[in-house]
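Right, one structure below, let's go through it.
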Amino acid sequence: MAKKERFKTVYSQGTLDVVQILEDTETGVNYVFHKVANAGGMTLLLDKDGKPVISPPVDKEL
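In numbering that gives the first Met the number 0, the protein residues as written are 0 to 61.
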């Protein structure tokens, strides 16, 4: 049985200066990851009201 990945990349741009949006597949919470050269960081993705962006649940029984 294959292990399910906790995070999935839902958006990515750049090659040297990388920005990605990652979704936690268990909670739906979205994060922004930014990397330049060998330095990087990750933080919550917030909406215009300062609340965390949470993706709607995906119906797994299609």
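Where a beta carbon is used, it is the ideal one built from N, C-alpha and C, also for glycine.
Within its chain, find whatever has a CB closer than 8 Å to the CB of residue i; leave out the 5 residues flanking it on each side and keep chain order.
i, result
"residue 61", "Here residue 61 scores only 47 on pLDDT, less than 50, and its place in the model should not be relied on; the value that follows carries that caveat. Result list for residue 61: empty, nothing under 8 Å."
"residue 51", "28, 29, 43, 44 and 45"
Let me make sure I understand the geometry here. Which of the options has the alpha-carbon closest to that of residue i?
i, options, result
"residue 39", "11, 17 and 1", "17"
"residue 43", "53, 14, 10 and 5", "53"
"residue 4", "15, 24 and 14", "24"
"residue 32", "1, 2 and 9", "9"
"residue 13", "55, 36 and 41", "36"
Spatial neighbours of residue i within its chain, please: CB distance less than 6 Å, with the 5 preceding and 5 following residues excluded, ordered by chain position.
i, result
"residue 34", "17"
"residue 56", "none"
"residue 41", "30 and 32"
Closer than 7 Å by C-beta to residue i: which residues in its own chain qualify, once you throw out the five before and the five after it? Chain order, please.
i, result
"residue 47", "none"
Would you please state the rounded distance, in angstroms, between the beta carbons of residue i and residue j? I believe it to be under 8 Å.
i, j, result
"residue 2", "residue 21", "Contact doesn't hold; Cβ gap of about 17 Å is too wide."
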